[in-house]
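These notes concern the structure reproduced below.
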Amino acid sequence: MSTQPTSTTAALLPQSAVEKSTQRITRRYIKGSRPARVTRISIESTSNGAIEISKPRLKQGVQISQADSDEEKSLVIASAYHAISINHPGARAIIAKFDGQHCAADISAEIDAPIDVVQKVIDQLAISQLLDITTTKIRLHNRFQSPIAERAANTEDQSNDASFKQLQLRMSSELSQTTWVDGVIDGGVEILSARQNFGVEIHGENRLATLIYAALLASGVTNTKFSIASHRELNSIGDSDLGTGVLRISDFGLNYKSRIEELTREWSLFPTASKNVKGTISSPIPERNVRLLVGTHTPQLIEQLMRDQMDHLFVGEVLGGAAYAGPLVKPGKTPCVRCLEKGKSERSGIEHMVPLAAHRGEIPVAICYQLAGTIVQAILKLIDTGTCELTGAQMRFDYTTLIHQEPVRFARHPQCQCQWS
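Just so we're aligned, residue 580 is where the sequence shown starts under my numbering, counting upward by one.
Structure (structure tokens):
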């Protein structure tokens, strides 16, 4: 008689506060009962509870004017939106020390500049949103821990961890975006990590939905998933799913949902648990979330979202040579899609326009990329700042021109049902 092995060693070991705070996802393999480790990440500040001394560094993408003479008396530092001129002979030497490793006192001592001048430069650049002045670190958890004390001590330094290096390289491009969010002074690490705590549920399974899904995962929105209510005419990957580079010709004929789940871990910026292992626990959608409706959907689905007070965003509606993005609807707070339809009907004098069934198909690839990029950018801004330009607004993407219009805004219609609540 054989018994399954059990392990109580992990339960007896003391856990740090960070390990307790990170939710651990476990799963069972098809054979055996050993739980698998899933790498989790956390944000750690370098201040350790004490008052942190600011060590400024220039934000990613900032440019400085080229030195034009040996006796330079001023220096210009600029981003796409702000520029500041520093009128001081030692400005370039001061700026060269803004690398995140030197505080104002260190800079003053090393280049023999008055500390009040150094501090004034720091303050002016910080006001202009050109500096990061604090440091926030990413740390991986649930990594392999050797039972040998000497080796276990070495695992505290994650600089040589291949997964940590890969994460740093993939995060760098996303940090170049989050560092420019208003008020960010840590390089955008905290905001980028917070994207894991926002949920996106996609209704629709065409190639536009697939592009958006992959881009959101690669941008750090780990809790992105397709709705179980999404419907496809064919369960397998076909010709209409190809052409965007997300799914390849080698995927032709495979089950769509299974293949997407296999690729999820490859696309995701942050570590995720495999969904193809028996016993995987599905995490519920976070409290902060949005439903993304791609293409056309039934009135019953929209009514359910309105009734349940669920924020939802529309994309992929097609009308004779153009595709639309928006609106973002917050039930009871912003105009709904019926408000938009009633406004259009009043302007045109025609109600209930219905597309021909024979004309329904995929959106052109070029427009797919434009729509996907716009919607992903809108969702990321909603996550990072709580605001979105598509709230109560809609954008049109013409099939034949590069330039698209500004968002068309509309108000809540007095005769719409959303006013009754």
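Virtual Cβ for every residue (Gly too), placed ideally from N, Cα, C.
Whose C-alpha, out of the options, is nearest the C-alpha of residue i?
| i | options | result |
| --- | --- | --- |
| Ile632 | Thr823, His661, Ile962, Gln698 | Gln698 |
| Leu981 | Cys995, Asp963, Leu950, His992 | Leu950 |
| Tyr792 | Lys923, Thr713, Thr843 | Thr843 |
| Ile663 | Val655, Lys923, Ala670 | Val655 |
| Ala902 | His876, His681, Ile942 | Ile942 |
| Phe849 | His782, Leu746, Tyr660 | Leu746 |
| Asp832 | Val825, Leu813, Thr823 | First, the residue type needs correcting, since residue 832 is Gly and not Asp in the sequence shown. Considering only alpha carbons, the answer is Leu813. |
| Asp765 | Arg917, Gly679, Glu968, Arg867 | Gly679 |
| Gln883 | Gly874, Gly895, Val894, Arg870 | Arg870 |
| Thr636 | Asn776, Ala705, Ser658 | According to the sequence as given, residue 636 is Arg; it is not Thr. Considering only alpha carbons, the answer is Ala705. |
| Asp818 | Leu880, Met885, Gly940 | Gly940 |
| Asp887 | Lys638, Asn868, Trp759, Tyr978 | Asn868 |
| Gly895 | Arg975, Ser751, Arg988, Ser648 | Arg975 |
| Thr758 | Thr714, Lys912, Val700 | Thr714 |
| Val641 | Asp647, Ser658, Ser653, Glu651 | Ser658 |
| Gln775 | Glu845, Asp963, Val987 | Asp963 |
| His876 | Met889, Gly911, His810 | His810 |
| Leu935 | His891, Asp977, Val897, Ile816 | Val897 |
| Cys947 | Asp820, Asp830, Val987, Trp999 | Asp820 |
| Val768 | Val779, Glu780, Ser755, Gly778 | Ser755 |
| Gly905 | Met889, Gln973, Ala692 | Gln973 |
| Pro910 | Arg926, Asp890, Glu925 | Asp890 |
| Val916 | Arg786, Val944, Pro878 | Pro878 |
| Val800 | Leu961, Ser653, Glu925 | Leu961 |
With a 10 Å radius around its C-beta and 16 neighbouring C-beta atoms as the bar for buried, classify residue i as buried or exposed.
| i | result |
| --- | --- |
| Gly900 | exposed |
| Pro914 | buried |
| Lys804 | buried |
| Asn802 | buried |
| Tyr660 | exposed |
| Tyr835 | buried |
| Thr966 | exposed |
| Met932 | exposed |
| His992 | buried |
| Ser581 | Reliability fails at Ser581, whose pLDDT of 44 lies under 50, so the model's placement of it is uncertain and the value that follows must be treated cautiously. The residue is exposed, with fewer than 16 neighbouring Cβ atoms inside 10 Å. |
| Ala788 | buried |
| Lys857 | Confidence at Lys857 is low in this model, with a pLDDT of 49, below 50, so the placement of that residue should be treated as unreliable; the coordinate-derived value is given next. Looking at its Cβ environment, which holds fewer than 16 other Cβ atoms inside 10 Å, Lys857 is exposed. |
| Thr953 | buried |
| Ile839 | buried |
| Ile970 | In the sequence as presented, Ile is not what sits at residue 970; that position holds Thr. Buried: at least 16 other Cβ atoms inside 10 Å. |
| Thr851 | buried |
| Asp1001 | Because residue 1001 is not part of the residues shown, which for the chain are 580 to 1000, the question remains open. |
| Glu784 | buried |
| Ile770 | buried |
| Ile638 | At residue 638 the sequence reads Lys, which differs from the Ile that was named. Lys638 comes out buried. |
| Trp999 | exposed |
| Leu748 | exposed |
Along the chain, where does the alpha helix (DSSP H) containing residue i start, and where does it finish?
| i | result |
| --- | --- |
| Met974 | Segment 972 to 977 is the beta strand (DSSP E) holding Met974; no alpha helix (DSSP H) there. |
| Pro878 | 878 to 886 |
| Arg671 | 670 to 675 |
| Gln956 | 944 to 964 |
Determine which residues share a DSSP beta bridge with residue i and list them.
| i | result |
| --- | --- |
| Ala657 | Gln642, Ala662 |
| Lys921 | Answer is none; Lys921 lacks a bridge partner. |
| Leu637 | Leu710 |
| Val987 | Gln973 |
Please list the terminal residues of the continuous beta strand (DSSP E) segment that includes residue i.
| i | result |
| --- | --- |
| Gly895 | 891 to 897 |
| Val869 | 868 to 873 |
| Val908 | 901 to 908 |
key: beta strand (DSSP E) runs wholly inside the segment 794 to 846, at least 3 long, in chain order   = Whole beta strand (DSSP E) segments, 3+ residues: 802 to 805.
task = Please list the segments of the alpha helix (DSSP H) lying wholly inside the segment 734 to 793, counting only runs of 4 or more residues, in order along the chain.
result = Every alpha helix (DSSP H) stretch that sits fully inside the segment 734 to 793 and reaches 4 residues is listed by chain position as 741 to 757, 768 to 773.
3 or more residues per run - each beta strand (DSSP E) lying fully within the segment 673 to 712 = Correct list: empty.
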